[in-house]
Amino acid sequence: MIPALDTIHRRLLKTFCALELKISVSEMTNERLVNAIAQILSSTMNDQVPNVHNIMSQHLSMDLKQKDVKARILNYFDRFDELIEEYGLSIALDGNDKLKCRLLTDNLRPASLKEQVQLYQDLDPTVKINLPRLFDVIKAEALKNQQCFDLYHSSKDRTTTKPGAKMNSSTNKKTQSGDRSQSSRDHRSNEQSAPQKRADSPAQGCLHCKGQHWLNDCPTASDEQKKLALRAFMDKRRGGESSAMKRILHIEEELETKHVAFNGVVVMPYHPDNGTKYNIIPRHIVQEILEVAPTAKISQLENPIDGKAVGGAIIRCRESIQLDLELLTPAGKVRIRNVTCIITETEEDEFLLGRMTLTAMGIDVEEQLAALANKEVVDFDPFESAIPIDFDPPDKRQIFTRLCELVNEAIDNGFPVEKKRALFDVVTRYDIWRLSIGNDPPSKIEPFEIRFKEGTVPIRCKPRTYAPAERDWMKGFNESLVALGWVYRNEASRWASPARPVKKPGKSRGLRQAVDFRRPNAMIVPLAGSMPSLSTRFHHAKNKTHKQTVDFLKSFWQMALAQVSQESQSYMTEDGIFTPTRLQQGSVDSSIHFQQSVEKIMRRADLLYNHVLAWVDDLLIYADTIDEFLVVLDRVYGTLAEYGLFLGLDKICLYTTNAKWCGRVITPTGVMYDPEKIQSLVEIPEPRTAAELQQFLCASGWMRNSLVDFARVAAPLHERLQMELIGTKRTKRVAARITITLSDVERDSFAQVKQLLTNSATLVTPDDNDELILMTDASDQGWSIILTVVTNWDPSINITEQHHQLVHCMSGTFKGASQHWSVSEKEAFPIIKAATDLDYLLIDFACTLTIGT
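The letter at position 781 of the sequence shown is residue 781 when you use UniProt numbering, and the numbering goes up by one with no holes.
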């Protein structure tokens, strides 16, 4: 090994020893020199506090030209260490992994990779302080980005066709024969398979030597000279008169409203022009695009297109270019890929978005105006567009933050920490989450058509009056629906049902709009389907440990309404008549249609009852193991994304073992009613009106299959309610005007019902090897049924000493003619009742049934 002393020039060594170390050259040793050099390298340059952020932002960058992603990331970290040594930052950064992670993250490119890593750091704070962990995350996200990039370009190559073949002539006629079409296809295939080569040269010549070649191909320019030449060219262009109208979109810049980015690099204002058939782009903008995105290619049109400029001059266009457009509208971004643009020899400073592209996006002004003139509304189908359009929700960041919170809540609920990343990947893989209603298109489920009885004639309600506050709220609410396209004003409608604001339950006391569809509902031929019985469905979730509960956001509004059925759902306010384009709550078939649609798509995916239970807009997802749970979530979310359905982020639990769903708590061993709902009933004060008593009895009666002897205990309250409502319409509004005072017997009954609610039992579902016990009893006043299960039946032990678990209980009182039945008839009645109503539990030949009376 060569000593360090022999590698340094003797004069430099002498000067260094005499001035810096104050020693002679003869006193210098190899070890002493190495230590001195190490001390210099470990100190900061010029003994100043370094601005590490500026240093890294100027000199640290990722070489995106390096195709090997893993090598690219490794070189990025190596360059970071090199800069630390070069600028003497060892002392400043030694041991400060948090600052190192921040510097590495802040200088990541492209911006999408940086954003993904930052979002992941919000989810997992260890990535902010651990360099090896950060390296793994950056490498994993970079691989995903590269895969998406490669997939996009491969699909782009497959779908790219000769633009001229797509363009119609001015007469809009297609005259190509089948042979010519086949020849064109073969020609395009040969063009796609051949490698792309830039045979042309830039009009202004090389930016460095002015030769007839591109700057990147310059044989005399170094990499640094190429960078300086390109920077000087860009600065010169930005300083020109047109810099305010068009410019290069840099990595961290955002689009301005009503601007378009071509291939993500060149920006200019755009104008949607329904009078122009094609998309029009000026030649000088095309030249700018080619300078920074040379892969874009100009094609010759098979048939030149003549256009008329302002003033009447005829402009002949012979060339076109295919570009990816990113439009920033006031509502958000719209991305359109592989759009053909006609090149014009003009100096315009606006990009004209033509009628063909607008129509493909579902915007046809002429058709809408014609429909308005005919007092009709055209049902546009956004799914027929041949151009892929992406909508970015304006609250994307808030959605991601909420998902991060839910993942952390899942960990708190017992989800394995080591599977946290997998859960996060699943919930962020599909665009199915929304915080609030937006301008998303309707679901891809077939629009619902309402069928009316023969001879049905339109009905029209009388105008209603509203309080000023209600009128203002309804006006704002319906204007927002019009802006979203969910309803439209329809003064020519022959149908109109009354709309009225209703106070929401709970502490918020906000308003919601309800429509009284009773008269139209009476004329509708209802669907033959019915809602499923949850009592017969809960056994599918038995012994399932891992669960999730989600609900659809504004469920009915996500379903499209067939055009022929829209007018019949019109409603009237003081502000006019509105016709909805989406399914309406309150219509006789709305709930059934939504339930059947969700069940249909889940059944097609082989998920219904195997891993999913559905009740209108609520879903219960379950699985046996964590790995299966993650696979099931991916399948469910993928199915919802396929049909364009969205889930809300308020009433959701990403992971639990005891799921609250439809007013019940589903555990691995059984089902019980929600303790919070039970507690709210227990805390209800003594009723002072018939409506309050009616509400209490209805709510507690909903849980009666877990309340033993409920009918006998609540009989005094039922009798009092029946007495108060004799001769009335028995509606809630009428009952609210009837004041009552409970007697001592009724107060005692009220307290006993609350005690039954407190002692509500957990219901279980019997297995094939269980012993079913059916016990019935009757008296002069009433009857009762109790169905239990004994898992470990012991024939040697008395039935009363066996370990029973409640499956179902029923009770009732004898009224009318049944009061005069004989004793044997009253004793037989509960047995017959059980065989009739509980047959879905009793008819199980794998179980053993024991009947006791």
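Glycine included, C-beta positions come from ideal geometry on N, C-alpha and C.
{"Asked": "Counted within 10 angstroms of its Cβ, other Cβ atoms place His208 as buried (16 or more) or exposed", "Found": "buried"}
{"Asked": "Distance between Val753 and Phe696 (C-alpha atoms, nearest Å)", "Found": "10 angstroms"}
{"Asked": "DSSP three-state assignment for Pro668, whether helix, strand or coil", "Found": "coil"}
{"Asked": "Cβ pair Ile652, Thr549 closer than 8 angstroms", "Found": "yes"}
{"Asked": "Backbone CA spacing between Ala828 and Arg421 [nearest angstrom]", "Found": "60 angstroms"}
{"Asked": "Neighbour-count burial assignment, His9, 16 or more Cβ in a 10 Å radius", "Found": "exposed"}
{"Asked": "Beta-carbon proximity of Val682 to Leu757, cut-off 8 angstroms", "Found": "yes"}
{"Asked": "Contact under 8 angstroms by Cβ, Leu583 with Phe552", "Found": "no"}
{"Asked": "Those residues which DSSP pairs with Pro272 across a bridge", "Found": "Leu353"}
{"Asked": "Assigned exposure category for Met723 - 16 Cβ within 10 Å defines buried", "Found": "exposed"}
{"Asked": "Buried versus exposed, by CB contacts within 10 Å (16 or more), Asp76", "Found": "Correcting the residue identity first, residue 76 is Tyr in this sequence and not Asp. Its Cβ being crowded by 16 or more others within 10 Å, Tyr76 is buried."}
{"Asked": "Beta-bridge pairing of Asn279 - partner residues as DSSP gives them", "Found": "Cys341"}
{"Asked": "Rounded C-alpha distance that separates Gly576 from Gly727", "Found": "39 angstroms"}
{"Asked": "Bridge partner(s) assigned by DSSP for Asp777", "Found": "Ser784"}
{"Asked": "Within 8 angstroms, strictly: CB atoms of Val789 and Leu630", "Found": "no"}
{"Asked": "Rounded straight-line distance, which links the Cα of Glu345 to that of Ile314", "Found": "11 angstroms"}
{"Asked": "Inter-residue CB distance, Ser818 and Phe710 (contact presumed, cutoff 8 angstroms)", "Found": "About 18 angstroms; that fails the 8 angstroms criterion."}
{"Asked": "Under 8 angstroms between C-beta atoms of Val515 and Gly586", "Found": "yes"}
{"Asked": "Cα-Cα separation, Val588 to Ala562", "Found": "15 angstroms"}
{"Asked": "Exposure of Ile37, with buried meaning 16 or more beta-carbon neighbours within 10 Å", "Found": "exposed"}
{"Asked": "Separation of Glu746 from Val502, as counted between CA atoms", "Found": "33 angstroms"}
{"Asked": "Pro795 versus Leu654: straight-line alpha-carbon distance, rounded", "Found": "45 angstroms"}
{"Asked": "Nearest residue (CA-CA) to Ala499, options Gly510, Arg335, Lys475", "Found": "Lys475"}
{"Asked": "Short Cβ contact (8 angstroms threshold) for Trp495 with Arg460", "Found": "yes"}
{"Asked": "Contact test: Pro716 Cβ vs the ligand ATP heavy atom, cutoff 7 angstroms", "Found": "Ligands are entirely absent from the displayed structure, and the ligand ATP is therefore not among its contents."}
{"Asked": "Sufficient close CB pairs (3 or more, under 8 angstroms) joining the stretch 832-843 to the stretch 802-810", "Found": "yes"}
{"Asked": "Burial state of Pro716 (16 or more Cβ within 10 Å)", "Found": "buried"}
{"Asked": "Secondary structure, beta strand (DSSP E): runs of 3+ residues fully inside the stretch 527-583", "Found": "546-551, 571-573, 576-580"}
{"Asked": "Reduced DSSP category for His611 - H, G, I as helix; E, B as strand; rest coil", "Found": "coil"}
{"Asked": "Burial state of Cys206 (16 or more Cβ within 10 Å)", "Found": "buried"}
{"Asked": "Alpha-carbon spacing of Gly438 relative to Lys815, whole angstroms", "Found": "55 angstroms"}
{"Asked": "Cα-Cα separation, Ser743 to Thr625", "Found": "55 angstroms"}
{"Asked": "Sequence-distant residues of the same chain with beta carbon closer than 7 angstroms to Val734, five excluded per side", "Found": "Thr728"}
{"Asked": "Rounded straight-line distance, which links the Cα of Asp223 to that of Leu403", "Found": "44 angstroms"}
{"Asked": "Three-way DSSP call (helix, strand, coil) for His808 in this model", "Found": "strand"}
{"Asked": "Every unbroken beta strand (DSSP E) inside the stretch 648-701 [3 residues or more]", "Found": "653-656, 659-661, 664-666, 671-673"}
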